[in-house]
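Below is one structure, written out as structure tokens; comments come after it.
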Amino acid sequence: MAKGVSNKKARIDALAHLGKDLTRRCRAHCELCGHGNRGLEALEVEPLPAEPDLDHTMFICEQCRQAMRPKELNHQYWRFLETTIWSDLPAVQVTAVRLTRRLSVQGEEWATSLLEGLYLSPAIIEWLNEP
Ligand SMILES: [Zn+2]
Numbered sequence: 002m003a004k005g006v007s008n009k010k011a012r013i014d015a016l017a018h019l020g021k022d023l024t025r026r027c028r029a030h031c032e033l034c035g036h037g038n039r040g041l042e043a044l045e046v047e048p049l050p051a052e053p054d055l056d057h058t059m060f061i062c063e064q065c066r067q068a069m070r071p072k073e074l075n076h077q078y079w080r081f082l083e084t085t086i087w088s089d090l091p092a093v094q095v096t097a098v099r100l101t102r103r104l105s106v107q108g109e110e111w112a113t114s115l116l117e118g119l120y121l122s123p124a125i126i127e128w129l130n131e132p
């Protein structure tokens, strides 16, 4: 058990190391919604690599982290996915597709048509198909 805790701590420390690079990459703006200065934190996108790395991590704001939690997503909040889903950052695009799929399942027509018109690279499709 103690080992698990220290592994978790090691992962958080490793993630904190990415903070500077992430801040530079996103220019201190949330990589999902684009707003600045809203308590940005690193979030890893599953499936997780053995060590945290930049490609599997995004820097997102407090509002977006909260808005991801409920089972039923707030479709008004997530409307910006129409833009974000075209992100050239793989972790961001994968997250945007996952959220848009959830909204589509909830019956949001704009989310369904967004997915229908979407082009995804083979690497992104592979990532999305990983368990
Ligand atoms: Zn945000």
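Using the numbering used here, you'd call the opening residue of the sequence shown number 2 and step up by one each time. Glycine is no exception: its CB is placed at the ideal position from the N, C-alpha and C atoms. Computed from a predicted model, the values in this text were never measured in an experiment.
The shortest C-alpha to C-alpha distance from residue 12 to any of 108, 51, 121, 131 is the one to 51. Here residue 125 has 91, 94, 95 as same chain residues with Cβ atoms under 7 Å from its own Cβ, once five neighbours each way along the sequence are excluded. Approximately 7 Å separates the beta-carbon atoms of residue 42 and residue 61; this is inside 8 Å, confirming the contact. DSSP places residue 92 inside the alpha helix (DSSP H), whose first and last residues are 91-106. Every residue with a CB closer than 6 Å to a heavy atom of ligand 1 is listed here in chain order: 31, 33, 34, 36, 61, 62, 64, 65. With a cutoff of 8 Å on beta-carbon distance, residue 58 and residue 23 are scored as near each other. The residue from 115, 99, 117, 81 with its alpha-carbon nearest to that of residue 36 is 81.
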